[in-house]
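Asker: Sharing a structure here in structure tokens format.
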Amino acid sequence: MRSDMASAQTRLIRFEDLKDFCRRAYEAAGVLAGEAAIVAELLARADLRGVASHGVMRLPIYIERLEKDYVRKKCQLTTLRQKGATAFLQAHGSMGHVVSQRAMRLAMELAQTHGIGWVTVKDSGHFGVTGLFPMMALEEDLIGYVCSNSAPMMAPFGGKSRIMGNNPLSYAFPADQRLPVVVDFSCTVVASGRLILARKKGESIPLGWAVDKDGHPTSDPFAGYEGGGSLAPVGRHKGYGLALAHEILSAVLGGGKWTQSIKSLYEKDDSGIQGTCHSFLALDPDCFVGRAEFKQAMDQYIETVKDSGTAEGVAEIFLPGEIEARTEERCLVQGVPLAEATAQDLEALAVRLGLRLRFA
């Protein structure tokens, strides 16, 4: 039965059903059950938290790339160097979701021993929602941080060639009784997935999100990305500077591919792996004020921010990650809404793979 969350443009599906479908799709593409379950959990949870641009909308292209051997069906991670609290890994074109979960887990293990753990990975693939990986550190009351480079999406500030990625970052900070603070954003005004989703839904985009291939502001989502345009950096030169720093901390530090050599998920060629680079950090508050004390102080800090007084017309001040956490709680009960275009894409994939897909 459909709830009031659904509309003519969306369909509801239970989280467990969505996750199960993703898992079976990956297994049908030749991925081992354990690794299929990892990716399925992360993909479905993206939509569960309301981040549809990085969720199951991308499942068809992920499966297509596996079938064409653009991505390894079995994760291969090689330790190139490990010294003290750091590790340097090569992913050999493996699935970014699986690579990133394992790399973050290693950073957490290093932090438990050394107080801090830093892991850099090269030759990986698209890993979906950045914030889901530093959130792993919350399980052990650690602070998590992740940054990555990406396929070309924007021009450098003052330039015209699309040679830079949106190079996302995310921090996750544990709290005690309050929700954890999860900062997660790309260095462009919006991620490319927002434009792809808008194009699939037949919607325009706000001016200021992107420019077309000639550098003119556009409200056409296709012209702003897939048609050769560039995404706008957030904060102009500031977003450009952040993107530059993230590329240095991942690709330059790891001797991997720079953005201009990384392939888009949607490139139609046989010329090799995507080759993204990521870095993962875990930090133990016990090295400083202490875990319990840090979490209690976080609660106090969060309350100070939330109780600071709202602007006219604003009902509540939200901390980063709070809206996503509330969305997750609601969708676990009412179902996960999928855009009609996404639902149809999944139905077509189900038919092609001989799988059953059940909506609420």
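The sequence shown lines up with residues 693 to 1052 when you count with this note's numbering.
Every residue, glycine too, gets a C-beta built ideally from N, C-alpha and C.
1. On the three-state DSSP scale, how would you describe L735?
2. Apply the 10 Å Cβ neighbour rule to D739 and answer buried if 16 or more other Cβ atoms are within range, or exposed otherwise.
3. Between the beta-carbon of T805 and the beta-carbon of S862, is there less than 8 Å?
4. Hey, how far is the Cα of Q768 from the Cα of D761?
5. Secondary structure at P826, three-state DSSP: helix, strand or coil?
6. With DSSP as the reference, label G836 as helix, strand or coil.
7. Do H970 and F819 have their C-beta atoms within less than 8 Å of each other?
8. What separation, rounded to the nearest whole angstrom, lies between the Cα atoms of R1044 and D709?
9. By Cβ distance, which residues of its chain are closer than 6 Å to C1023, with the 5 residues on each side in sequence left out?
10. At what residues does the beta strand (DSSP E) containing T812 begin and finish?
11. Name the DSSP beta bridge partners of T1002, please?
12. For M697, collect the residues of the same chain with a Cβ closer than 7 Å to its Cβ; drop the 5 residues on either side in sequence, then sort them by chain order.
13. Based on the DSSP secondary-structure assignment, which residues constitute the bridge partners of F972?
14. Between M827 and G836, how many whole angstroms is the CB-CB distance? I'm expecting something under 8 Å.
15. Looking at the structure shown, is Y863 part of a helix, part of a strand, or coil, going by DSSP?
16. Using C-beta distances below 7 Å, list every residue in its chain close to Y932, excluding the 5 sequence neighbours before and after it, in chain order.
17. Tell me, please, which residues DSSP counts as bridged to A902.
18. In three-state terms, what does DSSP make of T910?
19. First and last residue of the beta strand (DSSP E) that includes P1029?
Answerer: Straight from the coordinates:
1. helix
2. buried
3. In terms of Cβ geometry, T805 and S862 do not form a close pair [threshold 8 Å].
4. Straight-line spacing of the CA atoms in Q768 and D761 works out to 14 Å.
5. helix
6. It is a strand residue.
7. yes
8. 18 Å
9. Answer for C1023: L740, listed in chain order.
10. I808 to S816
11. Paired residue(s): none; T1002 is not in a bridge.
12. Because the pLDDT at M697 is just 46, under 50, the model does not fix this residue reliably, and the point stays unresolved.
13. V811 and V838
14. Contact between M827 and G836 holds: their C-beta atoms lie close to 7 Å from each other, under 8 Å.
15. strand
16. Correct list, in chain order: P848, F849 and P925.
17. L923
18. Three-state result, T910: coil.
19. V1028 to A1031
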